[in-house]
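Chain order of the listed sequences is A and B. Residue numbering for the first sequence follows this note's numbering, starting at 142 and increasing by one per position. Residue numbering for the second sequence follows this note's numbering, starting at 1425 and increasing by one per position. All C-beta atoms in this analysis are idealised placements derived from N, C-alpha and C, irrespective of residue type, glycine included. So the structure is just underneath, and the comments pick up after that.
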Amino acid sequence: MAGKYPTIKAYVRPDGSVGIRNHVVIIPVDDLSNTAALGVAKLIRGTVAIPHPYGRLQFGRDLNLLFHILSGTGTNPNVYGAIVIGIEDNWANKVADGIAKTGKPVYVFGIEGNGDLRTIEMASRKAKELVQEASEVQRTEVDLTGIQFSIKCGESDTTSGLASNPALGYTVDKLVDLGNTVMFGETSELTGGEDIVAGRISDPALRNKFMRIYNEYVSIIESEGVDLLGSQPTEGNIKGGLSTIEEKALGNIQKLGTRPITCVADYLDPVPRNAGLCFVNTSSAAAEAITLFAAKGSVLHFFTTGQGNLVGHPVIPVIKISANPKTIKAMSEHIDVDVSDLLELKVSLTEAGERIFNYALRVMNGRLTAAEVLQHDEFSPIKLYISA
Amino acid sequence: MPRFAIHNREDNVGVAIEDIRAGDEAQGVYIEDRSMGPVIKALEDIPLGHKIALRDIKAGERVIKYGRVIGVATRDIKVGEHVHIHNVKSIKWGNLARR
């Protein structure tokens, strides 16, 4: 007899979380440590480095967000173990402590007093052990519940609002009904539909929290004295037929499906594994949003695109879904799921949504996405303000 | 075969689901139940994904899609015309027509 849940073959981590990849990640704490981290990744097959331009002289909430993202990326269920490299030990230990809490192996290396070359050697020896350990971890059959996912659209056009986003919304409803978490964000791109989002949050405290986050975000944009002219909608959006931010937002929220929003998370808030549909405060830049979703535990990201976005992530697969037949033809190597027949009304919404869901099952079981094979490993921590 | 889609019955714009050429008599379809909508003669080329006016929209009048306001007309728009940044602007942010 079939169980209540579909099953997948996945990696169960020491803390009970479920991953669908088995990475050994090399985490530089700061810009100066990128060279050593990339050096290790070059020497040791099966590791992935996540270079980034930050980590020096940050302070307050901005520094805490960087720690949250670096630790969170190492903590992600798709990661077997991590190597943390920093110019100084103190901050590197902070990042590593966050990862060690999940029971995963993590090793720290400080460059000061060693130099790049000695650091690369020491870190590479450990990384080699981790990769060999990771290679013996087996996938096991688990229920598709209590797993975290995320969604975002990019290079959107009107085909997103007409077809790919509603089809993804069907998939989102299904994942939520199975007791999973689905994160969405893009705070500024909800503009024009923010009242619809707020209306789907029944808990008054959560609804107030969402409106506070939204209003704060928009006020930061407005305080710069600009109206996002030339940024929102983007050049690609306009080429695809989107004329205003309101039109873009109304298309954007089609992917949220129909279930209530039961979780609202600001930058530093953790997101539980069975939170249902969860708003996460993010920028609308694709890599920044996915980087934060992954840091909060998303193991698989669904990305709808109209004009053709390329984004990937170093530790979580990104599934590209498009309904624009021109994009699917011109950029075929980047698109995983073609739902252009929904745009042409040749299939039902259910059929298109099931197609996305079934493709996701294959990716969860190990099939590599276009972005993974094409080495789109964008890792972009959100930076909140100037450094000291 | 339908060539443009209408999200909501209150909308005054539809979205081309394939390229429509100026002069074409294009069939519309309602997304919600896939019933056939109006046939509109395109006054201009409407590329895939771009909007076509379903009725005359006066300057200052609201442009409706998804049953919601997506902006305001910056000049008179005739039924069958292409509706985009040259004749509609956001109410929330910016005036793209200035570009």
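Roughly how many angstroms separate the alpha carbons of B:Lys1513 and B:Ile1481, rounded to a whole number?
As a first step, residue 1513 of chain B must be located in the second sequence, where it is residue number 89. As a first step, residue 1481 of chain B must be located in the second sequence, where it is residue number 57. Whole-angstrom Cα-Cα distance: 13 Å.
Could one say the Cβ of B:Arg1433 lies closer than 8 Å to chain A's Cβ atoms, at least one of them?
Here residue 1433 of chain B corresponds to residue number 9 of the second sequence, with the count starting at 1. No, its Cβ sits nowhere closer than 8 Å to a Cβ of chain A.
Quick one: list the residues of chain A neighbouring B:Val1463, beta-carbon separation under 7 Å, in chain order.
Against the second sequence, residue 1463 of chain B aligns to sequence position 39. Chain A residues near B:Val1463: none, gap ~16 Å exceeds 7 Å.
Considering only residues of the same chain and omitting the five flanking positions on each side of A:Glu513, which have a CB-CB separation below 7 Å?
Taking the first sequence and counting its residues from 1, one reaches residue 513 of chain A at position 372. Excluding residues within five positions, the ones whose Cβ falls inside 7 Å are Gly453, Pro458.
With 8 Å as the threshold, decide whether the Cβ of B:Ser1490 is near any Cβ in chain A.
Position 66 of the second sequence, counted from the start, is the residue given in the question as residue 1490 of chain B. Note on residue identity: the sequence assigns Tyr, not Ser, to residue 1490 of chain B. So, interface residue.
Run down chain B in chain order and give the residues with a C-beta less than 9 Å from the C-beta of A:Glu296.
As a first step, residue 296 of chain A must be located in the first sequence, where it is residue number 155. The premise fails here: A:Glu296 is roughly 12 Å from chain B at the closest Cβ pair, so nothing lies under 9 Å.
Within its chain, find whatever has a CB closer than 7 Å to the CB of B:Arg1479; leave out the 5 residues flanking it on each side and keep chain order.
Translated into positions along the second sequence, residue 1479 of chain B becomes position 55. Once the five neighbours on either side are set aside, the close Cβ partners of B:Arg1479 are Asn1436, Val1503.
Determine the extent of the alpha helix (DSSP H) in which B:Arg1492 is found, giving its start and end residues.
Taking the second sequence and counting its residues from 1, the one referred to as residue 1492 of chain B is at position 68. No alpha helix (DSSP H) contains B:Arg1492, which is instead part of the beta strand (DSSP E) from 1492-1497.
Determine, using beta carbons only, whether A:Phe443 and A:Phe290 come nearer to each other than 8 Å.
Translated into positions along the first sequence, residue 443 of chain A becomes position 302. Translated into positions along the first sequence, residue 290 of chain A becomes position 149. A contact, by the Cβ cut-off of 8 Å.
So with Cβ pairs under 8 Å, would you call A:Gly340 a contact of chain B?
Reading the first sequence from its first residue, position 199 is the one you call residue 340 of chain A. For A:Gly340, the answer is no, since every Cβ of chain B falls outside 8 Å of its Cβ.
Round the Cβ separation of A:Thr299 and A:Gly381 to the nearest angstrom and send it over; I've been treating them as touching at under 8 Å.
What you label residue 299 of chain A is simply residue 158 of the first sequence in a count that begins at 1. What you label residue 381 of chain A is simply residue 240 of the first sequence in a count that begins at 1. About 6 Å separates the two Cβ atoms, so the contact holds.
Count the other C-beta atoms from every protein chain shown that fall within 10 angstroms of the C-beta of A:Arg162, then say buried if there are 16 or more, exposed otherwise.
As a working mapping, residue 162 of chain A is identified with position 21 in the first sequence. Buried, by the Cβ-count rule.
Can you give me the Cβ contacts of A:Ile497 inside the same chain, cut-off strictly under 8 Å, excluding the 5 residues immediately before and after it?
The residue labelled residue 497 of chain A in the question sits at position 356 within the first sequence. Once the five neighbours on either side are set aside, the close Cβ partners of A:Ile497 are Ala308, Leu309, Tyr311, Thr312, Phe443, Ile460, Ile462, Val478, Val480.
Please report the straight-line C-alpha distance between A:Glu277 and A:Thr243, rounded to a whole angstrom.
Sequence index remark: in the first sequence, residue 277 of chain A carries index 136 (1-based). Sequence index remark: in the first sequence, residue 243 of chain A carries index 102 (1-based). If I take the Cα positions, the gap works out to 19 Å.
May I ask you to verify whether the region 322-330 of chain A touches the region 354-368 of chain A, counting CB pairs closer than 8 Å and requiring at least 3?
Because the criterion of three Cβ pairs below 8 Å is met, the region 322-330 of chain A and the region 354-368 of chain A touch.
B:Met1460: buried (16+ other C-beta within 10 angstroms of its C-beta) or exposed?
Reading the second sequence from its first residue, position 36 is the one you call residue 1460 of chain B. Looking at its Cβ environment, which holds fewer than 16 other Cβ atoms inside 10 Å, B:Met1460 is exposed.
When we look at the beta-carbon of B:Gly1491 and count the other beta-carbons within 10 Å, is it buried (16 or more) or exposed?
Against the second sequence, residue 1491 of chain B aligns to sequence position 67. Exposed, since its Cβ has fewer than 16 Cβ neighbours within 10 Å.
Just to confirm, are A:Ala430 and A:Lys524 a CB contact at a threshold of 8 Å?
Locating residue 430 of chain A in the first sequence gives position 289, counting from the first residue. Locating residue 524 of chain A in the first sequence gives position 383, counting from the first residue. It is not a contact, given that the beta carbons lie outside the stated cut-off.
What do you reckon, are the CB atoms on A:Val236 and A:Val220 nearer than 8 Å?
Looking up residue 236 of chain A in the first sequence gives position 95. Looking up residue 220 of chain A in the first sequence gives position 79. No, Cβ-Cβ distance for A:Val236 and A:Val220 is not below 8 Å.
Hey, could you find the ends of the alpha helix (DSSP H) A:Thr375 is sitting in?
Along the first sequence, one-based indexing puts residue 375 of chain A at 234. Where A:Thr375 is concerned, there is no enclosing alpha helix (DSSP H), given that its DSSP letter is neither H nor E.
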